[in-house]
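Accompanying notes for the structure given below.
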Amino acid sequence: MESNKYVDQLKTIYIALHGYANNVLSDLNPVQYNWRPPDTKARTIESYFRHMVNTEIYWLHALKTHKIPYFTKDTSFSELLEHFKHLEVIYGKLLDNCTEEGLEIVPTIYEKDKGEIIAVKQKGTLAWTILRISLHAFGHMSQITHMIYSLGIKLKRNSDYNWWNTTENIINLGKLISMERK
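The sequence shown maps to residues -17 to 164 in our numbering.
Following this line, the structure appears as C-alpha cells:
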C-alpha cells in the first residue's frame, strides 16, 4: 500500500532524529547542559532542547490533536527527556492512524498583521508537520552537537543508529517524500 510506505518513511525520519537526540543528551550532567560559551548570552543546551520539545508541542496544538502544556525553565532536564520520548509515541500513533489526506504535503499558512499571527489561512497536514519538526530538530541538534564538542565531550556511538552516515539520507528522504506527494 502506497500510504504505508510514506508512513514508514516519515517514521524513519522522525525516529532517527529522536534517537540521535536521546543518544546525545541522555548522559549530560547539569554542568554540561547548562554550559554556554564564556562571556556571551548564548543559549544553553538545555534551552535549545526545551525549545525543541515545546516546538513539537506547538505543532500538536496546530494539528488540534492534543493539548499538552509547554515546558518552562522550571522543568528539569530529565523531565524534558522523558517528555521528548512521550512525544515520539504520540506522533507515532498519529502516523499509524493517519488518513491519506494527512499524508499530503500541505504547509500551515498564517495570516499575519505586523508580524503577529491573526488567523490560520491553511492548516498543515501531519506529514508536513513531521517533516517540519524533524528538520527543525536537525538544525538545533547540530548546534547542540557543536556545543558538546566545544566542551571536549566525545559523543558515544550508538550501534542502533549512526548519525554521521544517515543524516543526509534522512534529509534526502524528506525531500523525496515532498516531491512524490505533490
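Don't be surprised by glycine CBs; every beta carbon is placed ideally from N, CA and C.
ask   = Should Gly134 go down as buried or exposed, given a rule of 16 or more other Cβ atoms within 10 Å for buried?
value = Result: exposed.
ask   = Where does Tyr52 land, buried or exposed, given buried means 16+ other C-beta within 10 angstroms?
value = Around the beta carbon of Tyr52, fewer than 16 other beta carbons lie within 10 angstroms, which makes this residue exposed.
inquiry  = Give me the DSSP bridge partner(s) of Gln104.
reply    = Beta-bridge pairing links Gln104 to Ile91.
query = Between Ile126 and Phe31, is the Cβ-Cβ spacing less than 8 Å?
reply = Contact: yes.
query = Any idea if Glu61 is buried or exposed, counting beta-carbon neighbours within 10 angstroms, 16 or more meaning buried?
reply = Glu61 is exposed by the Cβ-count criterion.
Cβ-based neighbour list, Gly84, same chain, cut-off 6 Å, excluding 5 preceding and 5 following = So the list reads Thr107 and Leu108, once near-sequence residues are dropped.
query = When you compare only the Cα positions, how much space is there between Ser141 and His0?
reply = Residue placement at Ser141 cannot be trusted, given a pLDDT of 45 that sits under 50; what the coordinates show is reported in the next sentence. Each residue's alpha carbon lies about 15 Å from the other.
ask   = Looking at the structure shown, is Asp142 part of a helix, part of a strand, or coil, going by DSSP?
value = Legend: pLDDT at Asp142 = 49, less than 50; position of this residue unreliable, value from coordinates given subsequently. Residue state, collapsed to three classes: coil.
task = Quick one: give me the first and last residue of the alpha helix (DSSP H) that Ile72 is part of.
result = From DSSP, the alpha helix (DSSP H) with Ile72 extends over Phe59 to Asp78.
query = Whose C-alpha, out of Thr54, Tyr(-4) and Trp41, is nearest the C-alpha of Val168?
reply = Outside the displayed range of the chain (-17 to 164) lies residue 168, so it cannot be described from this structure.
task = Kindly indicate which three-state DSSP category Glu28 falls into: helix, strand or coil?
result = The answer is helix: DSSP assigns Glu28 an H, G or I state.
request  = Between the Cα of Thr54 and those of Pro12, Leu76, Thr22 and Glu28, spot the shortest distance and give me the residue it belongs to.
outcome  = Nearest C-alpha to Thr54: Glu28.
key: Beta-carbon spacing of Ile130, Val35 below 8 Å   = No, they are not a contact pair.
message = Less than 6 Å between C-beta atoms, sequence neighbours within five positions excluded: which residues of the same chain meet that for Trp41?
response = Excluding residues within five positions, the ones whose Cβ falls inside 6 Å are Thr111 and Ile115.
query = What is the DSSP secondary structure of Glu38, counted as helix, strand or coil?
reply = Residue state, collapsed to three classes: helix.
query = Start and end of the alpha helix (DSSP H) containing Pro20?
reply = Premise fails: Pro20 is in no alpha helix (DSSP H) and is neither H nor E.
request  = Can you have a look at Ala24 and say buried or exposed, based on whether 16 or more other CB atoms are within 10 angstroms of its CB?
outcome  = Ala24 comes out exposed.
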